[in-house]
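S.K.:
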Amino acid sequence: MKNVMIRPATQADAQEMLALYAPYVLHTTVTSEYDPPSLEEFVGRIRTYTAKTPWLCCVVDGQIVGYGYASPHRTRAAYQWSCETSIYTKMGFHRRGIATALYSALFDLLAYQGYYSIYVGVTCPNPRSMAFHMSMGFERMGAYHNSMYKFGKWRDVIWMGKSLRHHEGEPKPTLRYPDVKDDAYCRQVLEQAAQLVHEPRAGKEYHA
């Protein structure tokens, strides 16, 4: 690959990321949406989430081939140190380390901001995604049985979690990503994560 970059996503990236996301809505159970959101709604999501947490995109040779973001796990005060993450890789660009790179960057950035726990919901069956998340340090926490109906079937959602730091003592308030994204450490995190993207390799293709 000639040029690989992981950088904060902007609202100007919305249309390209929405085109990447739409096939997951229409053809998979990875997302619980039935219809792709409008461009206006998608831009609103970027604006809302990036007010506090990272939304990153992976750009290869000028093309967005993956993106990942963090969002609040719950909105009430006692949950403010936990968040949820989502990763989407462009169809045809799996087995290149894109999801791994995005997750690695998100983990480091969220820890730097002061977050303690990350959670992700995996719609079953999806053994590839389960295996991928376990390889990234997530553990199975529990399940919402028959909580989702899509493509004519009731489906379980498995919840997985990962700790970013030890849960000891009283936590300090989290930092807003816009306030730290230009720190030297954050720039270094993105540069190092980009190095994890590689040419496609044979083997297991995790669905992430």
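Heads up, the working numbering is the position in the sequence shown plus 295, with the first residue counted as 1.
Heads up, the beta-carbon is just placed ideally off N, CA and C, and yes, glycines get one too.
Bear in mind that the values here come from a model prediction, so they are computed numbers and not experimental data.
1. If we count Cβ pairs, one from each stretch, closer than 8 Å, do we get three or more for the region 319 to 334 versus the region 388 to 406?
2. Relative to the alpha-carbon of residue 496, which residue among 479, 441, 480 and 393 has its alpha-carbon at the smallest distance?
3. Are residue 481 and residue 450 touching if we call contact CB-CB under 8 Å?
4. Would a C-beta distance cut-off of 8 Å place residue 338 and residue 309 closer than the cut-off?
5. Helix, strand or coil: which one does DSSP assign to residue 485?
6. Could you name each continuous beta strand (DSSP E) segment of 3 residues or more that falls completely within the region 423 to 474, going from the start of the chain to the end?
7. Going by CA-CA distance only, name the one from 372, 473, 490 and 413 that's closest to residue 305.
8. Check whether the region 423 to 442 and the region 475 to 490 are in contact - that is, three or more C-beta pairs closer than 8 Å.
9. Is there contact between the region 397 to 415 and the region 445 to 459, where contact requires at least three CB pairs shorter than 8 Å?
10. Where residue 303 and residue 336 are concerned, what is the direct C-alpha to C-alpha distance, given to the nearest angstrom?
11. Got a sec, what are the start and stop residues for the alpha helix (DSSP H) residue 302 sits in?
12. Under the three-state reduction of DSSP, which class applies to residue 365: helix, strand or coil?
13. Is it right to say residue 446 is buried, meaning 16 or more other beta carbons lie within 10 angstroms of its own, or is it exposed?
14. Whose CA, out of 381, 325 and 314, lies closest to the CA of residue 443?
15. Please return the same chain residues whose Cβ sits closer than 6 Å to the Cβ of residue 354, not counting the five positions on each side in sequence.
16. Would you verify that the beta carbon of residue 475 is, or is not, closer than 8 Å to some beta carbon of chain C?
17. Would you identify the three-state DSSP class for residue 550, choosing helix, strand or coil?
18. How is residue 494 classed by DSSP in three states: helix, strand or coil?
19. In its own chain, which residues sit with a C-beta less than 7 Å from the C-beta of residue 485, not counting the 5 before and 5 after it?
M.R.: So, from the data block:
1. no
2. 393
3. no
4. yes
5. helix
6. 434 to 445 and 448 to 458
7. 473
8. no
9. yes
10. 19 Å
11. It is not in any alpha helix (DSSP H) - residue 302 instead sits in the beta strand (DSSP E) that spans 299 to 303.
12. strand
13. exposed
14. 325
15. 300
16. The structure shown contains no chain C, having only a single protein chain.
17. What is shown of the chain runs 296 to 503, which leaves residue 550 out entirely.
18. coil
19. 301, 302 and 400
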